[in-house]
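In numbering that gives the first Met the number 0, the protein residues as written are 0 to 514.
Following: one structure in structure tokens, then a few remarks.
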Amino acid sequence: MSTAVPPVVVGGAPLTPAQVLDVARHGARVTLSEESRKAVRHGRERVEALARGKVPAYGVSTGFGALATRHIAPDLRARLQRSLIRSHAAGTGPEVEREVTRALMLLRLRTLASGSTGVEAATVETLAALLNAGITPVVHEYGSLGCSGDLAPLSHVALALMGEGDVRDAAGEAKPASTALHEAGIRPVELGAKEGLALINGTDGMLGMLVLACTDLERLLKVADITAAMSVEALLGTDRVFADELQRLRPHPGQAASAANLRALLADSPIVASHRGPDCNRVQDAYSLRCAPQVAGAARDTLAHALLVAGRELDSVIDNPVVLDDGRIESNGNFHGAPVAYVLDFLAIAVADTASIAERRTDRMLDVSRSHGLPAFLADDPGVDSGHMIAQYTQAAIVSELKRLAVPASVDSIPSSAMQEDHVSMGWSAARKLRRAVDGLTSVLAVELLTAARALDLRSPLRPGPATGAVLRAVRERVDGPGPDRHLAPEIAAVAAMVADGSVVGAAETVTALA
């Protein structure tokens with residue numbers, strides 16, 4: 000695991016999105032606070048006392064879900080927990096990404112370490128050991144309804160804790176969990192009363208994907224401002240509409256931030272200055288240019304709300320039943336994923352619209368009737384060469400897919416467990432489609448960036464501003480400038496990698512800070 004990233008302490012203070020990212024994506028190790036160890040011991044004592052009692056307690060001495068009315072004899076309770084995990088590890092479909100599973104594991108560890116779940120200390124320590132050994136259980140795409148927790152995904156993790164099922168080791172090699180645990184010197188857990196339920200009754204998968212998506216979107220929305228600024232220059236647009244006094248008339252914070260970025264990116268632009276005088280006969284630019292901060296700003300405000308929800312969830316304990324501070328063990332509905340599912344769906348809408356306006360700007364640069372002097376499709380020899388014609392087709396196809404991905408999952412409740420679980424959130428599904436949407440937006444912005452860079456080169460001898468010029472130079476380090484047609488797919492992939500790894504934002508921020 001990574002030695003460059005500081006370890007993340009679990010227990011006490013709530014986890015931050017940055018800590019989730021460090022563990023999930025960058026391989027940071029985890030440690031348990033002494034406070035959390037004490038809380039875990041206290042919570043387990045309460046569960047064991049309840050297990051010895053004669054009053055039935057859900058998940059401790061009863062079955063689960065629609066089978067909660069059956070009392071389970073003490074000699075069958077360990078079997079009950081094993082059976083729960085084995086039967087619930089029923090996922091199917093493609094394997095989800097390593098970073099998603101690691102985020103899920105970390106967030107479940109955070110709840111277990113609270114002491115409110117009543118698990119054994121050894122169970123908490125073993126989950127931490129799996130993370131630190133880089134052992135990642137195989138979790139599948141389908142199986143969670145986003146209520147009563149991400150049951151199937153978390154069950155595949157719990158199965159690995161028991162030394163069963165399949166995992167990938169730190170090198171990414173698939174192998175049986177029993178083999179991987181043995182090689183890492185980790186002893187499989189033997190689940191006691193309530194532990195199986197505590198391991199799987201959480202919204203950790205959908206929350207982990209929300210945190211990862213928010214992190215990526217913070218960067219992508221800066222890129223959207225950069226590509227918009229470059230398109231404004233390429234299309235000989237004006238920067239006057241982004242003036243602060245105009246933005247203050249509609250005081251949305253995201254819009255103000257986006258407009259400030261556009262002003263900074265277009266500052267001292269010779270291209271913009273070239274048509275700023277009284278002889279310019281352009282009355283106003285198209286919406287895709289003029290309204291860039293309104294659309295990107297609304298996406299920013301949506302992201303801010305999603306981060307607010309994520310912060311609350313990172314400070315939450317999700318289990319059923321839970322051990323309260325006064326020792327009571329109470330059933331509850333906090334496992335319902337609606338708060339997370341709603342913002343996951345809302346973000347997918349914002350992503351689709353941000354991509355849609357970027358595609359419209361790209362299309363304008365390729366159309367001789369709207370590009371103000373650029374060659375058709377930015378081709379070297381229009382008719383012989385097609386230029387960026389099909390790059391825009393690719394962009395349009397992705398935008399169409401993003402519109403389908405923006406259809407909410409959270410409104411599509413479907414009952415389960417013999418109508419005991421009769422309203423579910425579908426938050427896991429909302430999270431999965433948001434991940435695909437984030438990937439799509441990355442590609443759409445890459446095509447706009449590639450196209451705007453080519454258009455700016457074709458405006459020579461006019462030059463872009465210092466900030467957009469820095470981005471153009473960074474692109475040219477990876478992709479050649481205008482010329483006869485060549486294989487475009489590798490160029491789109493190269494620029495998409497720049498968008499994803501922060502190179503585009505980094506290039507702009509060598510000149511000006513971005514909000």
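Cβ atoms here follow ideal geometry from the backbone N, Cα and C, with glycine treated the same way.
In this text the structure is predicted, and so the values were computed from the model without any measurement.
Residues of its chain near residue i, where Cβ-Cβ distance is below 7 Å and the 5 sequence neighbours each way are ignored
| i | result |
| --- | --- |
| Leu343 | Met205, Leu209, Gly426, Ala429, Ala430 and Leu433 |
| Ile348 | Ala405 |
| Ala179 | Ile134, Val166 and Asp168 |
| Gln394 | Glu358, Thr361, Val443 and Val446 |
| Ser502 | Ala473 |
| Cys213 | Pro16, Leu302, Ala305, Leu306 and Ala309 |
| Ser82 | none |
| Arg289 | Val240 and Gln283 |
Cβ shell of residue i (< 6 Å), same chain only, five flanking positions each side left out
| i | result |
| --- | --- |
| Gln80 | Leu190, Glu194 and Gly195 |
| Met497 | Val503 |
| Gln18 | Val7 |
| Ile185 | Ala128 |
| Ala258 | Phe241, Gln246 and Pro292 |
| Asp411 | Met425 |
| Ala375 | Val367 and Pro381 |
| Asn260 | Asp224, Leu513 and Ala514 |
| Ala228 | Leu261, Leu264, Leu265 and Thr467 |
| Gly482 | Asp379 |
| Leu130 | Val29 and Met104 |
Residue(s) in a DSSP beta bridge with residue i
| i | result |
| --- | --- |
| Glu194 | Paired residue(s): none; Glu194 is not in a bridge. |
| Gly10 | Ala12 |
| Leu31 | Val9 |
| Ser415 | Glu420 |
| His139 | Glu94 |
| Pro175 | Asp165 |
Distance CB(residue i)-CB(residue j) smaller than 8 Å
| i | j | result |
| --- | --- | --- |
| Leu153 | Leu126 | no |
| Ala340 | Gly145 | yes |
| Ala295 | Asp224 | yes |
| Leu487 | Leu377 | no |
| Leu234 | Ser370 | yes |
| Ala151 | Gly90 | yes |
| Pro269 | Val308 | no |
| Gly207 | Ala23 | yes |
| Ala454 | Ala507 | no |
| Leu211 | Leu440 | no |
| Ala132 | Ala183 | yes |
| Ala408 | Ala351 | no |
| Gly117 | Arg45 | yes |
| Gly42 | Val322 | yes |
| Ala157 | Arg76 | no |
| Asn200 | Gly164 | no |
| Arg475 | Ala493 | no |
| Ser355 | Val316 | no |
| Thr100 | Pro136 | yes |
Exposure label - residue i; buried when at least 16 CB within 10 Å
| i | result |
| --- | --- |
| Ala242 | exposed |
| Gly336 | buried |
| Arg107 | buried |
| Asp325 | exposed |
| His87 | buried |
| Glu490 | buried |
| Lys37 | exposed |
| Pro292 | buried |
| Val522 | Nothing about residue 522 can be reported from this structure: the residues present for the chain run from 0 to 514 only. |
| Gly114 | buried |
| Pro460 | exposed |
| Arg299 | buried |
| Thr202 | buried |
| Thr122 | buried |
| Gly162 | buried |
| Val383 | exposed |
| Glu172 | exposed |
| Pro93 | exposed |
| Ile389 | exposed |
| Asp555 | This structure gives no information on residue 555, because the portion of the chain shown stretches from 0 to 514. |
Same chain, Cβ closer than 8 Å to residue i, neighbours up to 5 away in sequence not counted
| i | result |
| --- | --- |
| Asp314 | Pro13 |
| Val9 | Val29, Thr30, Leu31, Ser32, Ser35, Leu105, Leu108, Arg109, Ala112 and Ala127 |
| Thr226 | Ala357, Arg360, Leu444, Glu447, Leu448 and Ala451 |
| Ile413 | Leu144, Val423 and Met425 |
| Glu232 | Leu265, Ser268, Ile270, Val271, Ala451, Leu455, Arg458, Pro463, Gly464 and Thr467 |
| Ala120 | Arg36, Val39, Arg40 and Arg43 |
Any non-hydrogen atom of the ligand GDP within 7 Å of residue i CB
| i | result |
| --- | --- |
| Ile389 | This structure does not include the ligand GDP; it has no bound ligands of any sort. |
Length at least 4, wholly inside the region 328-404: the alpha helix (DSSP H) runs in chain order: You should have 337-365 and 388-404.
Every unbroken beta strand (DSSP E) within the region 252-336, with a cutoff of 3 residues, ordered by chain: none
Within the region 455-487, ranges of the alpha helix (DSSP H) (whole runs, at least 4 residues): The alpha helix (DSSP H) runs lying completely inside the region 455-487 and spanning 4 residues or more are 465-477, given in chain order.
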